[in-house]
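Residues in the sequence shown are numbered consecutively from 2, following the working numbering.
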Amino acid sequence: MNRKKTFFILEGAMIAAVYVVLTLAFAPFSFKEFQVRIAEALTILPVFTPTAVPGLAVGCLLANILGGAPLPDVVFGSLATLIGAVGTGMLRNKKPVLAVIPPIAANMLIIPFVLRYAYGVPLPIPVLMGTIGIGEVLSCGVLGLLLYKILLPHRKNVFKTGY
């Protein structure tokens with residue numbers, strides 16, 4: 002295996018691991034209808050490196066499994082994170098405030114249905130879209146942009162497989 006491929010796998014695995022740790026460490030805020038999943042701040046990372054896309058998807062998948070989420074949340078929650086990460090990667094050359102929109106939108110549109118049908122949350126879907134949207138704006142928007150500002154000056158030293 003060549004060096005670049007090794008770094009790609011390792012970088013993605015590290016991102017996945019950090020996602021899992023953050024989700025489980027803040028589990029009371031990571032699941033259910035009022036959630037601010039701190040790990041979603043990492044969805045800004047596809048701006049810096051393509052390894053973040055699979056890393057975030059695998060991290061979300063593992064976090065949901067280890068967090069005891071029902072199968073629909075494991076599948077569709079991971080899919081929402083994957084869609085958001087792909088969208089962020091596609092907007093990597095735009096303003097960072099635009100790059101946080103895909104994960105916010107993907108989670109706002111998908112997770113309310115998961116909460117309703119997998120968890121049996123009785124709130125109306127539009128209300129769940131609002132609660133999830135607020136949590137995503139806080140985690141992806143506020144924390145994600147803060148992470149972006151912190152990492153920007155160090156991107157060449159931190160990410161070995163950057164664009």
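Yeah, the Cβ is synthetic: ideal placement off N, Cα and C, and Gly gets one too.
Just how far apart, CA to CA, sit residue i and residue j?
{"i": "Leu129", "j": "Leu116", "result": "8 Å"}
{"i": "Val159", "j": "Leu152", "result": "8 Å"}
{"i": "Asp74", "j": "Ile112", "result": "8 Å"}
{"i": "Phe27", "j": "Tyr20", "result": "11 Å"}
{"i": "Asn108", "j": "Gly134", "result": "7 Å"}
{"i": "Pro55", "j": "Arg156", "result": "19 Å"}
{"i": "Pro125", "j": "Lys33", "result": "14 Å"}
{"i": "Tyr164", "j": "Leu80", "result": "23 Å"}
{"i": "Phe49", "j": "Leu72", "result": "31 Å"}
{"i": "Glu12", "j": "Ala18", "result": "10 Å"}
{"i": "Pro123", "j": "Ala106", "result": "22 Å"}
{"i": "Pro127", "j": "Phe114", "result": "10 Å"}
{"i": "Lys95", "j": "Gly88", "result": "11 Å"}
Assuming residue i and residue j are in contact, meaning their beta carbons sit under 8 Å apart, how far apart are those beta carbons, in whole angstroms?
{"i": "Ala86", "j": "Thr24", "result": "Not really, about 15 Å apart at Cβ, beyond 8 Å."}
{"i": "Glu137", "j": "Pro104", "result": "7 Å"}
{"i": "Phe30", "j": "Val22", "result": "Wrong, their Cβ atoms sit about 14 Å apart, outside the cutoff."}
{"i": "Cys141", "j": "Val101", "result": "5 Å"}
{"i": "Gly60", "j": "Ile16", "result": "6 Å"}
Can you say whether residue i is buried or exposed, counting buried as having 16 or more other CB atoms within 10 angstroms of its CB?
{"i": "Phe1", "result": "Nothing about residue 1 can be reported from this structure: the residues present for the chain run from 2 to 164 only."}
{"i": "Ala58", "result": "buried"}
{"i": "Arg4", "result": "exposed"}
{"i": "Thr52", "result": "buried"}
{"i": "Leu166", "result": "This structure does not reach residue 166, given that the chain is present from 2 up to 164, and the question cannot be answered."}
{"i": "Leu83", "result": "buried"}
{"i": "Val143", "result": "exposed"}
{"i": "Thr7", "result": "exposed"}
{"i": "Leu62", "result": "buried"}
Going by the CB atoms, is the gap between residue j and residue i shorter than 9 Å?
{"i": "Ala119", "j": "Ala40", "result": "no"}
{"i": "Thr44", "j": "Gly121", "result": "no"}
{"i": "Pro47", "j": "Gly78", "result": "no"}
{"i": "Leu148", "j": "Ala14", "result": "no"}
{"i": "Phe9", "j": "Thr132", "result": "no"}
{"i": "Leu99", "j": "Leu110", "result": "no"}
Give the secondary structure of residue i by DSSP, where H, G and I count as helix, E and B as strand, and everything else as coil.
{"i": "Tyr120", "result": "coil"}
{"i": "Val128", "result": "helix"}
{"i": "Lys208", "result": "There is simply no residue 208 to check, as the chain begins at 2 and stops at 164 in what is shown."}
{"i": "Glu34", "result": "coil"}
{"i": "Phe160", "result": "coil"}
{"i": "Gly78", "result": "helix"}
{"i": "Arg4", "result": "helix"}
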